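Residue numbers (this note's numbering): 8 to 136. Note that beta-carbon positions come from the ideal geometry of N, C-alpha and C, so glycine has one too. Keep in mind that this is a model prediction, so the values were computed, not measured. Heads up: the structure comes next, in structure tokens.
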């Protein structure tokens, strides 16, 4: 069963249950975009609300548990090479109400670009194993 992130209390629950993803390693990334084709005679239509990103993170600090993060309506994302392991995680709501997740603590949006991150309309999570 997935747990949704909609409030600050949901964020704190995620941090508590996943140990802030401390000693976490991204072991899986799956991105989908349901592009609608043949909208006009010559084109296609991309809809950012029809995107989904699933991250699987092995968290060794809580007994080799796999935590799955699912984001929908992706606005921006990046997985940085050689930053697969993490010591902390951050989740905040930006000024537009979007969810911003990062594989580490960040100070501002320019600092965010130095790490793996996702900006999306929704986020949910679950413990897989």
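Segment limits, alpha helix (DSSP H) that includes residue i
{"i": "residue 116", "result": "116-119"}
The beta strand (DSSP E) enclosing residue i, as first and last residue numbers
{"i": "residue 18", "result": "Segment 15-25 is the alpha helix (DSSP H) holding residue 18; no beta strand (DSSP E) there."}
{"i": "residue 131", "result": "124-134"}
{"i": "residue 2", "result": "Outside the displayed range of the chain (8 to 136) lies residue 2, so it cannot be described from this structure."}
{"i": "residue 34", "result": "31-40"}
Opposing strand residues paired with residue i [DSSP bridges]
{"i": "residue 57", "result": "According to DSSP, residue 57 bridges with nothing at all."}
{"i": "residue 70", "result": "Its beta-bridge partners do not exist; DSSP assigns none."}
{"i": "residue 98", "result": "108"}
{"i": "residue 156", "result": "Here the chain comprises residues numbered 8 to 136, so residue 156 is not present and cannot be evaluated."}
{"i": "residue 88", "result": "Answer is none; residue 88 lacks a bridge partner."}
Reduced DSSP secondary structure (H/G/I, E/B, other) of residue i
{"i": "residue 105", "result": "coil"}
{"i": "residue 28", "result": "helix"}
Environment of residue i [buried if 16+ CB atoms lie within 10 Å]
{"i": "residue 9", "result": "exposed"}
{"i": "residue 38", "result": "exposed"}
{"i": "residue 93", "result": "buried"}
{"i": "residue 98", "result": "buried"}
{"i": "residue 66", "result": "buried"}
{"i": "residue 123", "result": "buried"}
{"i": "residue 70", "result": "exposed"}
Short CB-CB distance (under 8 Å) between residue i and chain B
{"i": "residue 18", "result": "Protein chain content of the structure displayed is limited to a single chain, and chain B is not contained in it."}
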